[in-house]
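K.L.:
My questions will all concern the structure given below.
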Ligand code: 6PG
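In this note's numbering, the protein residues as written are 450 to 931.
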């Protein structure tokens with residue numbers, strides 16, 4: 450009997466996905482560039498299973514049922530192209546290549562188009578949930594050649610995480626790089642969620658002077674509220690984790706954040722599309738700032754930074770912080786969905802936002818109870834332009850407003866950096882202001898560069914230029930927006 454699917458790449462994600470597929474009754478053919486890795490896997494974790502090895506790409510191709518489905522679980526970038534180039538001459542028309550890595554979606558757009566010309570179907574799929582997710586149920590976000598989906602669907606939906614109603618956290622996202630785009634936004638939101646949690650932690654630790662055990666209890670309690678999520682849950686575990694000397698391990702970790710690029714791509718894409726994705730972008734910059742450790746140490750001494758003590762009733766502050774975190778999180782997701790909406794319109798992807806929320810409901814790093822509410826919001830209005838306008842989320846934003854402002858103001862007053870929580874509030878203030886000062890900005894542009902402006906008392910699309918100083922000419926510059 451031939452194999453149902455081949456997987457190339459036996460690093461941790463690849464191995465776990467293969468074992469997961471095997472558990473669900475699929476016969477998987479495993480290949481790795483280094484042959485010893487195949488043997489190690491077959492004699493180790495795959496021992497006693499139906500998994501078979503392939504020591505060359507030809508052997509892999511020969512061992513697979515048609516149309517062949519070959520999933521690449523390799524490092525994003527050139528390695529993917531190199532495997533595609535080697536595989537294509539060995540494949541038949543109608544065969545399917547799947548890239549399950551964290552690929553930047555323009556690469557997937559390109560690969561789908563290039564392989565289509567050769568009659569090969571290509572799927573670019575986000576896979577989230579880390580090691581454990583891959584093994585026992587990840588969130589899977591596939592997009593690319595729609596013709597390939599019916600062949601891959603049973604396998605992917607079988608191995609994916611399931612919601613409490615047993616719905617698979619995997620569905621077809623859309624054409625081209627839509628799957629990898631949605632995974633990129635997932636990761637951007639992940640950056641935002643993580644940053645917000647760390648801001649709450651710093652407020653509690655430095656502002657309220659709380660111990661790690663106290664903070665752990667707070668996160669345990671928060672996890673029983675609307676904030677219920679994987680990231681809040683692991684944060685409570687981390688805060689309670691003691692090093693060998695009995696001290697909290699977290700305080701021994703160097704405060705410089707790493708990043709592999711998906712948050713940065715999300716921010717770059719938002720700038721390209723003109724979407725005010727402020728919270729995620731601030732979260733990426735917060736990681737960048739954290740990496741300037743030596744400069745920060747010097748600057749703290751140079752500016753003689755004082756302790757940032759927050760006075761007042763601790764319990765009242767903790768509840769205010771919870772509300773500020775929840776409200777900021779709503780803004781982060783609202784911005785992320787705005788970005789997806791713009792990309793969907795621009796690329797003709799026809800994204801189903803309720804389905805995206807469902808795919809993120811389980812298995813992935815940002816999984817949370819909150820995503821069910823997002824799904825409900827898009828069920829009510831599939832074209833909702835701002836998540837915060839949905840009655841459930843609007844209610845939370847309104848109820849949290851006063852606490853959120855207090856936390857933001859206090860952080861500014863005492864000097865606790867909370868870029869994501871405060872930028873979320875600033876965004877909402879801007880978004881809910883019918884008249885912003887951009888009129889003055891337009892006047893400035895016209896003053897120094899004759900860039901023209903539209904008038905509130907004239908139809909939109911009519912442009913005016915004023916000779917502000919009496920010295921300039923009446924010639925305006927060409928009007929265009931990037
Ligand atoms: C996931 C994660 C994962 C990502 C890590 C690290 O969905 O399972 O998003 O894909 O690689 O979270 O990302 P950074 O190194 O950029 O923090």
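No residue lacks a Cβ here, since even glycine has one placed at the ideal position from N, Cα and C.
1) Quick one: which unbroken alpha helix (DSSP H) runs of 4-plus residues sit fully inside the stretch 596-648? Chain order, please.
2) Do you know how far the Cα of residue 513 is from the Cα of residue 507?
3) In angstroms, rounded to a whole number, what distance separates the CA positions of residue 652 and residue 556?
4) Is residue 974 buried or exposed, if buried means 16 or more other CB atoms sit within 10 Å of its CB?
5) In terms of DSSP beta bridges, what is residue 472 paired with?
6) Tell me the residue span of the alpha helix (DSSP H) that contains residue 767.
7) Find out if the Cβ-Cβ distance for the pair residue 717, residue 784 is shorter than 8 Å.
8) Shorter than 7 Å, the distance from the beta carbon of residue 811 to the closest heavy atom of the ligand 6PG, or not?
9) Would you check whether the ligand 6PG has a heavy atom nearer than 7 Å to the C-beta of residue 888?
10) On the CB-based measure, 16 or more other CB atoms within 10 Å of its CB, does residue 884 come out buried or exposed?
11) Mind listing, in chain order, the continuous beta strand (DSSP E) runs of no fewer than 3 residues lying wholly within the stretch 674-737?
12) Secondary structure at residue 807, three-state DSSP: helix, strand or coil?
13) In this structure, does DSSP put residue 840 in helix, strand or coil?
14) Using beta-carbon positions only, say whether residue 586 and residue 572 come within less than 8 Å of one another.
15) Between residue 892 and residue 872, what straight-line distance do the alpha-carbon atoms span, to the nearest angstrom?
16) Just to check, is the beta-carbon of residue 695 closer than 7 Å to a non-hydrogen atom of the ligand 6PG?
17) CB of residue 814 to nearest heavy atom of the ligand 6PG: below 7 Å?
18) Would you please state the rounded distance, in angstroms, between the beta carbons of residue 812 and residue 618? I believe it to be under 8 Å.
19) Would you check whether the ligand 6PG has a heavy atom nearer than 7 Å to the C-beta of residue 712?
20) Between the stretch 548-567 and the stretch 600-615, do three or more beta carbon pairs fall short of 8 Å?
21) Following the continuous alpha helix (DSSP H) through residue 520, name the residue where it begins and the one where it ends.
22) Residue 657 by DSSP, collapsed to three states: which one?
P.N.:
Straight from the coordinates:
1) 598-608
2) 10 Å
3) 40 Å
4) Because the chain spans 450 through 931 in this model, residue 974 falls outside it and cannot be assessed.
5) The partner list for residue 472 (beta bridge, DSSP) is empty, contrary to what the question assumes.
6) 763-796
7) no
8) no
9) no
10) exposed
11) none
12) helix
13) helix
14) no
15) 26 Å
16) no
17) yes
18) 5 Å
19) yes
20) no
21) Unbroken run through residue 520 is the beta strand (DSSP E), 518-521; no alpha helix (DSSP H).
22) coil
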